[in-house]
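Asks:
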Amino acid sequence: MRRQKTSYIIVAGIILFSFHAAPFVSPQNASRPEMQGTYFTETGCNHCDSFLYIQKPRLEETYGIHIALETHDILSTKGYELCVEMLEQRGLKFTVFPVLFIGSNVYRGSNAIEENMPKEIEYFLSHGSYMPTIRQTDQSALAAKNSNAAFAASALPTIFAGLLDGINPCAFSTMLFFLSFMALKRKDQRSLLWVGLAFIVSVFIAYFLIGLGLLGALRKYLSENRFSIYINIFISAIAAIFAVLNVRDAIAASRGRAFDSVLQMPTFFKQLNHRFIRYFNQLPLYILGAAISGFLVSFIELACTGQIYLPTLAYMNQSMRSSKSILLLLMYNLAFILPLSLVFVLFFFGLRHEKIRHWYGSHLALVRLLSAVFFVALAVLVWAS
154 MRRQKTSYII VAGIILFSFH AAPFVSPQNA SRPEMQGTYF TETGCNHCDS FLYIQKPRLE
214 ETYGIHIALE THDILSTKGY ELCVEMLEQR GLKFTVFPVL FIGSNVYRGS NAIEENMPKE
274 IEYFLSHGSY MPTIRQTDQS ALAAKNSNAA FAASALPTIF AGLLDGINPC AFSTMLFFLS
334 FMALKRKDQR SLLWVGLAFI VSVFIAYFLI GLGLLGALRK YLSENRFSIY INIFISAIAA
394 IFAVLNVRDA IAASRGRAFD SVLQMPTFFK QLNHRFIRYF NQLPLYILGA AISGFLVSFI
454 ELACTGQIYL PTLAYMNQSM RSSKSILLLL MYNLAFILPL SLVFVLFFFG LRHEKIRHWY
514 GSHLALVRLL SAVFFVALAV LVWAS
């Protein structure tokens with residue numbers, strides 16, 4: 154009896170394994186004509202995913218055909234080398250992604266793919282073979298032009314976000330405390346210059362490294378399963394929330410109740426920031442101390458300045474995910490330290506930090522309103538990227 158029961162279990166296991174191991178073939182797809190191609194995409198790229206998961210199923214449904222694509226990530230070493238090799242075999246150069254190889258043709262860039270795929274399908278259904286090779290004389294120039302236009306469109310919001318983040322109350326309050334502390338130290342002008350430069354450069358490096366790490370995390374954990382539409386929804390929702398909160402804080406600031414702001418650094422982090430600046434400026438090597446304090450303070454400030462930085466990084470990840478995303482990150486951080494650098498220059502040439510603090514306080518409501526406008530724009534732009 155036990156032996157018979159064991160046999161049943163083994164047979165059942167073999168059947169289950171067979172069902173699991175066998176590739177699933179949709180009966181609907183099995184009865185349809187099939188076109189085969191190779192698609193070089195970028196994981197999480199809006200335009201790439203749009204074709205793969207929205208336009209391709211729509212084309213299959215419209216024409217009653219199955220499009221079987223072998224996909225490769227263009228940012229992987231293997232994927233990039235294979236794409237370059239396949240292009241070179243056709244006398245072409247890599248200019249832009251996504252890239253679709255279908256029959257004897259190659260289409261580079263989302264516009265070229267969307268425009269030509271219906272033609273390819275219609276020819277295939279009419280003739281039973283793939284469309285003849287199309288001359289690709291101007292496609293490289295057009296692809297490069299589209300890529301540059303996309304980069305320019307992404308650069309403007311990124312720079313604006315960096316400037317806004319630089320005048321964010323969280324960053325500005327730390328900056329003013331640092332200036333007031335340097336004023337109390339009463340160092341000579343040369344020493345003051347080196348201390349200020351050390352602080353500013355270390356803030357830039359820290360924020361750039363943070364952004365670099367977060368961009369990598371966004372790509373690996375949020376985009377690897379083609380969740381771009383959900384990321385867009387998330388960015389839009391977060392941006393809408395921050396827009397409302399900034400309007401609320403702008404109203405509070407206009408009524409002289411800036412201390413009642415929702416979007417401000419928690420008291421504990423403020424005290425920790427000040428403690429770092431005081432401690433490291435007591436070091437004999439005060440320039441090194443300023444650099445270390447700037448680096449550490451940047452990580453603490455992220456708890457508050459992240460309200461702009463994180464959504465913008467997600468926008469970069471969606472809109473320009475290539476080597477150019479690093480350039481966007483560089484531009485953001487240069488814009489971020491610009492207000493800090495300007496205030497330091499004014500302080501260096503004699504403007505008292507109390508006057509800077511008073512001027513900033515009188516314009517705080519405007520800063521909040523500009524931040525609200527930025528978040529509204531970001532909530533919309535992420536869908537256009």
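In the numbering used here, each residue's number is its place in the sequence shown (first place is 1) plus 153.
No residue lacks a Cβ here, since even glycine has one placed at the ideal position from N, Cα and C.
What you are looking at is a predicted structure, and each value in this text was computed from that prediction instead of being measured.
Pick out whichever of G442, Q208, Q460 has its Cα sitting closest to the Cα of E268.
Replies: When each option's Cα is compared against that of E268, the closest is Q208.
Asks: Excluding five sequence neighbours on each side, which residues of the same chain lie with their C-beta closer than 7 angstroms to the C-beta of G217?
Replies: Closer than 7 angstroms at Cβ, skipping near neighbours: R185.
Asks: May I ask you to list the residues that DSSP assigns as paired with H540?
Replies: Because the chain in this structure spans residues 154 to 538, residue 540 falls outside the shown range and cannot be described.
Asks: So, at 7 angstroms on beta carbons, what are the nonlocal neighbours of Y360 in its own chain, with the 5 sequence-adjacent residues on each side left out?
Replies: Only S451, N486, F489 meet the Cβ criterion.
Asks: Cα-Cα, which of M188, R521, W512 is closest to H280?
Replies: The residue with the shortest Cα to Cα distance from H280 is M188.
Asks: Report buried or exposed for F502, applying the criterion of at least 16 other Cβ atoms within 10 angstroms of its Cβ.
Replies: The residue is exposed, with fewer than 16 neighbouring Cβ atoms inside 10 Å.
Asks: Check V526 in the structure and name its three-state DSSP category.
Replies: Reduced to three states, the DSSP call for V526 is helix.
Asks: Secondary structure at M239, three-state DSSP: helix, strand or coil?
Replies: In the structure shown, M239 sits in a helix (DSSP, three-state: H, G or I).
Asks: Tell me where the beta strand (DSSP E) around I358 begins and ends.
Replies: Per DSSP, I358 belongs to no beta strand (DSSP E); it is in the alpha helix (DSSP H), 342 to 370.
Asks: If you run the structure through DSSP and keep just helix, strand and coil, what is N321?
Replies: N321: coil per DSSP, three-state reduction.
Asks: Give the DSSP-derived three-state secondary structure of R505 in the structure shown.
Replies: The answer is coil: DSSP assigns R505 none of H, G, I, E or B.
Asks: Using a Cβ-Cβ distance under 7 angstroms, would L309 count as near chain D?
Replies: No chain D is present in this structure, which holds just one protein chain.
Asks: Would a C-beta distance cut-off of 7 angstroms place Q460 and F395 closer than the cut-off?
Replies: Yes, the pair counts as a contact, with Cβ atoms nearer than the cut-off.
Asks: Given a threshold of 16 other Cβ atoms within 10 Å of its Cβ, counted over all protein chains shown, does D413 qualify as buried or as exposed?
Replies: With fewer than 16 other Cβ atoms within 10 Å, it is exposed.
Asks: Pick out whichever of S203, A467, C323, D226 has its Cα sitting closest to the Cα of L455.
Replies: Cα-wise, what sits closest to L455 is C323.
Asks: Below 8 angstroms on the Cβ atoms is my contact criterion, and I expect F331 with F250 to pass it. Report the Cβ-Cβ distance as a whole number of Å.
Replies: About 43 angstroms; that fails the 8 angstroms criterion.
Asks: In angstroms with no decimal places, state the Cα-to-Cα distance between A444 and L481.
Replies: Approximately 24 angstroms, taken between the alpha carbons.
Asks: Put Y260 into one of helix, strand or coil per three-state DSSP.
Replies: Correct three-state label for Y260: strand.
Asks: Under the three-state reduction of DSSP, which class applies to V415: helix, strand or coil?
Replies: DSSP places V415 in coil when its eight states are reduced to three.
Asks: Distance, Cα to Cα, F527 vs R261?
Replies: Roughly 33 angstroms between the two C-alpha positions.
Asks: For L531, which of helix, strand or coil comes out of DSSP?
Replies: If DSSP states are grouped into helix, strand and coil, L531 belongs with the helices.
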